[in-house]
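Enquirer:
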Amino acid sequence: MTKNNILLIASNPELVKELKGKDNITFLFPLSGFTVGFPTTYNLNEITTTGYIFINRLLDNAGIAEFKKIITNLPANIKGLVFDDLGILNVLMELNINISKILFLNHFNCNYASINIYLSYVDSVVISPDISESEIDEILAKSTKPLVLYTFGHVNIMYSRRTLLTNYNNYFHRQVKNVTSLEDDLTHHKFKIMENLYGTVIYTEKPFNGLRYLTKPNVLYNLINPVFLTNAEIINIINSNTTLENIYPYNYLSTQKTIYKLKERDL
Amino acid sequence: MIELLAPAGSLERLKIAYLYGADAAYVGGYNYGLRANAINFSFDELKEGVEFAHRLGKKLYVTVNIVLHNAELEGLKQYLEELASIKVDAIIVSDIVVIDCIKKNNIPLEIHISTQSSILNYETARFYQKLGAKRIVLAREASREDIKIIKDKTNLDIECFISGAMCTSLSGKCVLSNVATNRDSNRGGCAQICRWTFKIANENDLFSMTPKDLNMSRFLEDMVNIGVNSFKIEGRMRSIYYIATLVYEYRHLLDKIINHTIKESDILYSNDIINRCANRESTAQFYDKFPTEKEQYFLGREEVSNQDFLGVVLDYQDHMLKIEERNYFKIGDVVEFFGPHLEPITYTINKMYDEDGNTIKVARHPQMVVYLPFDTSLPPNTMMRLKIFDKNDYL
């Protein structure tokens, strides 16, 4: 079966250099000052290839003002925006900016009706990775436009506006780096954690492997997030003809539905 | 419009909130709410709650703020129509499909955007305003400056939390619970993983991300001045004593602010009462600064529980207060009564009687009925607590 196109987060310039020119890959550049959870971010003048820019910060009013400064002068190689804050969408609509718009809205796009409402404002929507594959299939079947599917990578499962690692370092007079790992003291759940000036992100310990999503219908892009992975691993993942489940077995939340009423445990 | 907004996890707590001075209360209905563990309201309870509120000229809001999955779409319209049929004053929403359903079907429900949407700027507020939102519940991370700008640029009703627990995460942006326990945090199942402790890298000191509670008592007047309309207390799972105490204190503070009679001593006294009731340290968090390590816990949850809540007045007859006991008290204890429209009254227990009229020295069984001699009538639902703070000490 034919694979869909990949939207690849540009985790470092070397990866971009190596994969530039591949027909099936579009780059997504985390924009400096507008993102959390990425070790490498880009100023607009550092983006030399065609691609989207990523804005996943929730913006305060100062952030919105900064965004307004850049949005009217985007270089021609920026084909679109992937963003989380609905204030960005409002600015784009009010200024009538004609650019491809993809709504990320992390953790929220969990049903086809909400997604179809947003699709009346934007070109595509990233389906929440927090839902089961059967729920995703129903969304894809009922969506009015092709959607973006989170397909591979560690998943951003918590975003705090606090600088949690800095606070820890200050309190205990430590020098823990701004990218590190956590392990729950009792249940031994493990996570990865990353901080920048704008907040702290906790990621799953293992990368979610949804490579089986690469051939799903009604998909605009399959999103791959290389954070914490080496360039060699990413290139192997992109070029592989199998789903690599032996190397990357983690299904995240795709294979079981979450519960939300405690009595459901008894059913 | 200035509104004191209280939480309620049951009909009893809802009525206490109103009686103690809340202008409005918010509750979870029988579906689509974010506190699956709270004792959410049945249709009949909601109906009774609305009627009770409206008789007092007050308002009731219902949370419909989960992030819906496909399966939950069915039944949404009917649920919203049921809420409208009993004249709920507004619903608190975060998923756009709920707003769309109301608008498409002309369901007469006022829309408030939940703090789950983590709104921090006026452009996001405007987006929701265009969709028909009347009110925005701002992210707890909003600074004073951001709140003011959002109000000035949108003139929407602005609702801000003033008290209670904080998420570590921006609201709606956390699924730690889903991953660690399979309980869906954005559908009411949050297991509060952010309050666990963690080992970090190779360090010996445990990592914690637990924030201290929010307490805005010092900044209420400023919040009024910059245009905040609704002052929201967190805690739908809290007790009647907690709700009575916080509503009572914040009501007094807001009234004095509105009447321009507020003094520093009022704030300091209320602050101590609130903090003791909440059991956790509290701070203004993001309002006046960017939080640092001082706004978090690191060495475990430093919660101090107490047994200050001694009883509830059930009745007054023949110069006797009929009290339902909640915590141990005894002859010689100095206690305090506080209640709706009642300044705290200090009282030393010199005599007390059981239900059969026998003299007793201690009341040791929760919910036992105790009679205390008292000169004047106190209304039912007046609270009796151990006297810890004396307002005169603050003057």
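Read top to bottom, the protein sequences are chains X and U. Note that our numbering has the first sequence beginning at 1346, numbered continuously upward. Note that our numbering has the second sequence beginning at 296, numbered continuously upward. Where is the CB? At the ideal position from N, CA and C, for every residue including glycine.
In chain order, what are the residue ranges of uninterrupted alpha helix (DSSP H) at least 4 long that sit wholly in the segment 477-515 of chain U?
Expert: As far as the segment 477-515 of chain U is concerned, it has no whole alpha helix (DSSP H) run of at least 4 residues.
Enquirer: Whole-angstrom Cβ separation of residue 324 (chain U) and residue 306 (chain U), contact assumed at under 8 angstroms?
Expert: Locating residue 324 (chain U) in the second sequence gives position 29, counting from the first residue. Locating residue 306 (chain U) in the second sequence gives position 11, counting from the first residue. 13 angstroms between Cβ atoms; not a contact.
Enquirer: Check the DSSP bridge columns for residue 1376 (chain X) and list the partner residues they point to.
Expert: To locate residue 1376 (chain X), count along the first sequence from 1; it is residue 31. Beta-bridge pairing links residue 1376 (chain X) to X:1387.
Enquirer: Do you know offhand how far residue 1573 (chain X)'s Cα is from residue 1500 (chain X)'s?
Expert: For the purposes of this step, residue 1573 (chain X) is taken as residue 228 along the first sequence, with counting starting at 1. For the purposes of this step, residue 1500 (chain X) is taken as residue 155 along the first sequence, with counting starting at 1. The alpha-carbon atoms of residue 1573 (chain X) and residue 1500 (chain X) are separated by roughly 11 angstroms.
Enquirer: Strictly under 8 angstroms for the Cβ-Cβ distance: is residue 587 (chain U) near chain X by that measure?
Expert: Working through the second sequence from its first residue, we reach residue 587 (chain U) at position 292. Yes, contact with chain X.
Enquirer: Here's the rule I'm using: 16 or more other beta-carbon atoms within 10 Å means buried, otherwise exposed. How should residue 629 (chain U) be labelled?
Expert: Numbered from its first residue, the second sequence carries residue 629 (chain U) at position 334. That one is exposed.
Enquirer: Beta-carbon within less than 8 angstroms of residue 1601 (chain X)'s beta-carbon, same chain only, minus the 5 sequence neighbours each way: which residues are those?
Expert: Position 256 of the first sequence, counting from 1, holds the residue named residue 1601 (chain X). Correct list, in chain order: 1477.
Enquirer: Tell me which residues share the same chain as residue 1608 (chain X) and place their Cβ nearer than 7 angstroms to its Cβ, disregarding the 5 neighbours each side in the sequence.
Expert: Taking the first sequence and counting its residues from 1, the one referred to as residue 1608 (chain X) is at position 263. Legend: pLDDT at residue 1608 (chain X) = 45, less than 50; position of this residue unreliable, no value from coordinates given.
Enquirer: When you compare each of U:673, U:551, U:644 and U:609 to residue 297 (chain U) by their alpha carbons, which one comes out closest?
Expert: In the second sequence, the residue the question calls residue 297 (chain U) occupies position 2. Among U:673, U:551, U:644 and U:609, the Cα nearest to that of residue 297 (chain U) belongs to U:551.
Enquirer: Just the Cα atoms here: how many angstroms apart are residue 639 (chain U) and residue 560 (chain U)?
Expert: Taking the second sequence and counting its residues from 1, one reaches residue 639 (chain U) at position 344. Taking the second sequence and counting its residues from 1, one reaches residue 560 (chain U) at position 265. Approximately 15 angstroms between the Cα atoms of the pair.
Enquirer: Measuring only the C-alpha atoms, how far is residue 357 (chain U) from residue 527 (chain U)?
Expert: To locate residue 357 (chain U), count along the second sequence from 1; it is residue 62. To locate residue 527 (chain U), count along the second sequence from 1; it is residue 232. If I take the Cα positions, the gap works out to 14 angstroms.
Enquirer: Taking beta-carbon pairs under 7 angstroms, can you tell me which members of the segment 491-525 of chain U lie near chain X?
Expert: Residues 491, 492, 493, 494, 495, 496, 498, 500, 501, 502 and 504.
Enquirer: State the Cα-Cα distance for the pair residue 1433 (chain X) and residue 1401 (chain X), rounded to the nearest angstrom.
Expert: Here residue 1433 (chain X) corresponds to residue number 88 of the first sequence, with the count starting at 1. Here residue 1401 (chain X) corresponds to residue number 56 of the first sequence, with the count starting at 1. For residue 1433 (chain X) and residue 1401 (chain X), the distance between alpha carbons rounds to 10 angstroms.
Enquirer: Would residue 672 (chain U) be called buried (16 or more neighbouring beta carbons within 10 Å of its own) or exposed?
Expert: In the second sequence, counting from the first residue as 1, residue 672 (chain U) sits at position 377. With fewer than 16 other Cβ atoms within 10 Å, it is exposed.
Enquirer: What do you get for residue 553 (chain U), buried or exposed, if any count of 16 or more other CB atoms within 10 angstroms of its CB means buried?
Expert: Position 258 of the second sequence holds residue 553 (chain U). When all chains shown are included, residue 553 (chain U) counts as exposed.
Enquirer: Rounded to the nearest angstrom, what separates residue 1435 (chain X) and residue 389 (chain U) at their Cα positions?
Expert: Your numbering for residue 1435 (chain X) matches position 90 in the first sequence. Your numbering for residue 389 (chain U) matches position 94 in the second sequence. Cα-Cα distance, rounded: 17 angstroms.
Enquirer: From the DSSP output, read off the bridge partner residues of residue 1355 (chain X).
Expert: Taking the first sequence and counting its residues from 1, one reaches residue 1355 (chain X) at position 10. None, per the DSSP bridge assignment.
Enquirer: For residue 1422 (chain X), which residues from the same chain have a beta carbon less than 8 angstroms from its beta carbon, with the 5 sequence-adjacent residues on both sides left out?
Expert: Against the first sequence, residue 1422 (chain X) aligns to sequence position 77. Same-chain partners within the cutoff: 1392, 1393, 1394, 1395 and 1396.
Enquirer: Thinking just about the alpha-carbon of each residue, which of U:469, U:634 and U:462 is nearest to the one in residue 310 (chain U)?
Expert: The residue you call residue 310 (chain U) lines up with position 15 of the second sequence. It is U:634.
Enquirer: Check the Cβ-Cβ distances between residue 1391 (chain X) and every residue of chain U, and say whether any is below 8 angstroms.
Expert: Residue mapping note: residue 1391 (chain X) aligns to position 46 of the first sequence, counting from 1. Chain U contact via Cβ: absent.
Enquirer: Have a look at residue 1577 (chain X) and residue 534 (chain U) and give me their C-alpha separation to the nearest angstrom.
Expert: On the first sequence, residue 1577 (chain X) is found 232 positions in, with the first residue counted as 1. On the second sequence, residue 534 (chain U) is found 239 positions in, with the first residue counted as 1. Computed Cα separation, rounded: 56 angstroms.
Enquirer: Examine the Cβ distances between the segment 1438-1446 of chain X and the segment 436-448 of chain U and report whether three or more of them are shorter than 8 angstroms.
Expert: No, the segment 1438-1446 of chain X does not touch the segment 436-448 of chain U.
Enquirer: Got a sec? Which residues, its chain only, sit under 7 angstroms from residue 1386 (chain X) by beta carbon, not counting five neighbours each side?
Expert: Within the first sequence, the letter at position 41 stands for residue 1386 (chain X). Taken in chain order, the residues that qualify are 1375, 1376, 1377 and 1380.
Enquirer: What do you get for residue 352 (chain U), buried or exposed, if any count of 16 or more other CB atoms within 10 angstroms of its CB means buried?
Expert: Position 57 of the second sequence, counted from the start, is the residue given in the question as residue 352 (chain U). Exposed.
Enquirer: Taking a Cβ distance cut-off of 7 angstroms, strictly less, list which residues of the segment 1493-1523 of chain X are near chain U, in chain order.
Expert: Per Cβ criterion, the list reads 1502, 1503, 1504, 1505, 1506, 1507, 1509, 1512, 1513, 1515, 1516, 1517, 1519 and 1521.
Enquirer: Give me the chain U residues within the contact set of residue 1483 (chain X), using Cβ-Cβ distance strictly less than 8 angstroms, ordered along the chain.
Expert: To locate residue 1483 (chain X), count along the first sequence from 1; it is residue 138. Those within 8 angstroms of residue 1483 (chain X) in chain U are 365.
Enquirer: Determine whether the Cβ of residue 397 (chain U) lies closer than 8 angstroms to any Cβ atom of chain X.
Expert: The residue given as residue 397 (chain U) occupies position 102 in the second sequence. No, its Cβ sits nowhere closer than 8 angstroms to a Cβ of chain X.
Enquirer: Note down, in chain order, each residue of its chain lying with its Cβ closer than 8 angstroms to the Cβ of residue 654 (chain U), except the 5 sequence neighbours on either side.
Expert: Here the question's residue 654 (chain U) lines up with position 359 in the second sequence. Closer than 8 angstroms at Cβ, skipping near neighbours: 646, 647 and 648.
Enquirer: Compare the Cα-Cα distances from residue 1532 (chain X) to each of U:576, U:475, U:464 and U:486 and report the closest residue.
Expert: Residue numbering aside, residue 1532 (chain X) sits at position 187 when the first sequence is read from its first letter. Among U:576, U:475, U:464 and U:486, the Cα nearest to that of residue 1532 (chain X) belongs to U:475.
Enquirer: Compare the C-beta of residue 1611 (chain X) against all C-beta atoms of chain U and say whether one is closer than 8 angstroms.
Expert: Translated into the one-based positions of the first sequence, residue 1611 (chain X) becomes position 266. Note that residue 1611 (chain X) scores a pLDDT of 37, beneath 50, so its modelled location is shaky; the value from the coordinates is reported in the next line. False, the Cβ-Cβ gap to chain U never drops below 8 angstroms.
Enquirer: Quick one: what does DSSP say residue 350 (chain U) is sitting in, helix, strand or coil?
Expert: Along the second sequence, one-based indexing puts residue 350 (chain U) at 55. In this structure, residue 350 (chain U) counts as helix in the three-state DSSP scheme.
Enquirer: Can you name the start and end residues of the beta strand (DSSP E) that residue 527 (chain U) belongs to?
Expert: As a working mapping, residue 527 (chain U) is identified with position 232 in the second sequence. Note, residue 527 (chain U): beta strand (DSSP E), 525-528.
Enquirer: When DSSP labels each residue in this structure, what does residue 456 (chain U) get in the three-state scheme?
Expert: One-based indexing of the second sequence puts residue 456 (chain U) at position 161. Strand at residue 456 (chain U).
Enquirer: Could you work out which residues of chain U lie near residue 1456 (chain X), taking near to mean beta carbons separated by less than 9 angstroms?
Expert: Against the first sequence, residue 1456 (chain X) aligns to sequence position 111. What residue 1456 (chain X) touches in chain U: 362, 363, 364, 365, 366, 367, 368, 390 and 392.
Enquirer: Give a yes or no on whether the minimum CB-CB distance between residue 455 (chain U) and chain X is below 8 angstroms.
Expert: If you number the second sequence from 1, residue 455 (chain U) lands on position 160. No, no contact with chain X.
Enquirer: Could you check the C-alpha separation between residue 1505 (chain X) and residue 466 (chain U) for me, to the nearest Å?
Expert: Locating residue 1505 (chain X) in the first sequence gives position 160, counting from the first residue. Locating residue 466 (chain U) in the second sequence gives position 171, counting from the first residue. Cα to Cα, the separation comes out at about 9 angstroms.
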